[in-house]
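Undergrad: What follows is a structure written as structure tokens; I'll ask about it next.
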């Protein structure tokens with residue numbers, strides 16, 4: 006049975022980096038991202054008719070670099086529930102795990118956020134913006150004053 010995680014950076018660390026660093030000591034277990042598990046679980050379900058407003062996907066920079074198909078996979082999952090999910094092309098949010106929390110990196114962290122995330126957050130309805138990374142959601146809340154949700158939280162709203 007696979008473990009399923011919602012934070013891309015942590016899941017990819019368990020799945021890839023720990024395997025390289027620990028070798029056999031890591032043990033044998035499979036770790037999937039929520040979208041990977043959902044895509045597999047829903048593959049036999051029909052795609053619903055898409056209606057309503059779009060949702061906007063902000064992928065974690067590690068996730069979209071390591072798994073470039075992740076945004077399309079999330080969009081396909083949303084389509085199964087009749088919702089449209091649009092990928093927003095952004096770079097790193099500037100948080101980079103704990104980097105953005107360190108006082109010495111605060112200015113750089115905000116500067117990185119300003120490069121792409123801030124403009125997108127200003128032009129899109131915040132309540133429709135979704136981010137997979139915990140650090141990304143934390144950075145949005147810190148800079149913009151209000152946070153964004155994880156795609157799984159939006160799916161829960163859609164199916165209610």
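Numbering (our numbering), first residue to last: 6 to 165. All C-beta atoms in this analysis are idealised placements derived from N, C-alpha and C, irrespective of residue type, glycine included. Treat the numbers as computed from the prediction; the structure is a model and nothing was measured.
(1) Roughly how many whole angstroms lie between the Cα atoms of residue 115 and residue 95?
(2) Given residue 16, which residues of its chain have a CB within under 6 Å of its CB, disregarding the five upstream and five downstream residues?
(3) Please check the pair residue 102 and residue 140, which I expect to be a contact at CB under 8 Å, by giving their CB distance rounded to whole angstroms.
(4) Return the chain-ordered ranges of every beta strand (DSSP E) run that is complete within the region 43-112 and spans a minimum of 3 residues.
(5) When DSSP builds the beta bridges, which residues end up paired with residue 126?
(6) Do residue 90 and residue 122 count as a contact pair if the criterion is CB distance below 7 Å?
(7) Would you tell me roughly how many angstroms separate the C-alpha atoms of residue 76 and residue 62, rounded to the nearest one?
(8) Can you tell me whether residue 68 is buried or exposed? The criterion is at least 16 other CB atoms within 10 Å of its CB, across all chains shown.
TA: The answer reads as follows:
(1) On the chain shown, position 110 is the one that residue 115 refers to. On the chain shown, position 90 is the one that residue 95 refers to. Each residue's Cα considered, the two are about 14 Å apart.
(2) Position 11 of the chain shown holds residue 16. Counting only Cβ-Cβ distances below 6 Å, and skipping sequence neighbours, we find 10, 36, 38.
(3) Translated into the one-based positions of the chain shown, residue 102 becomes position 97. Translated into the one-based positions of the chain shown, residue 140 becomes position 135. Yes, residue 102 and residue 140 are in contact; Cβ-Cβ is about 6 Å, under 8 Å.
(4) 59-63, 89-92
(5) For the purposes of this step, residue 126 is taken as the residue at position 121 of the chain shown. In DSSP, residue 126 forms no bridge with anything.
(6) For the purposes of this step, residue 122 is taken as residue 117 along the chain shown, with counting starting at 1. For the purposes of this step, residue 90 is taken as residue 85 along the chain shown, with counting starting at 1. No, Cβ-Cβ distance for residue 122 and residue 90 is not below 7 Å.
(7) As a position in the chain shown, residue 76 is number 71, starting the count at 1. As a position in the chain shown, residue 62 is number 57, starting the count at 1. Near 7 Å, if we compare the C-alpha coordinates of residue 62 and residue 76.
(8) Position 63 of the chain shown, counting from 1, holds the residue named residue 68. Result: buried.
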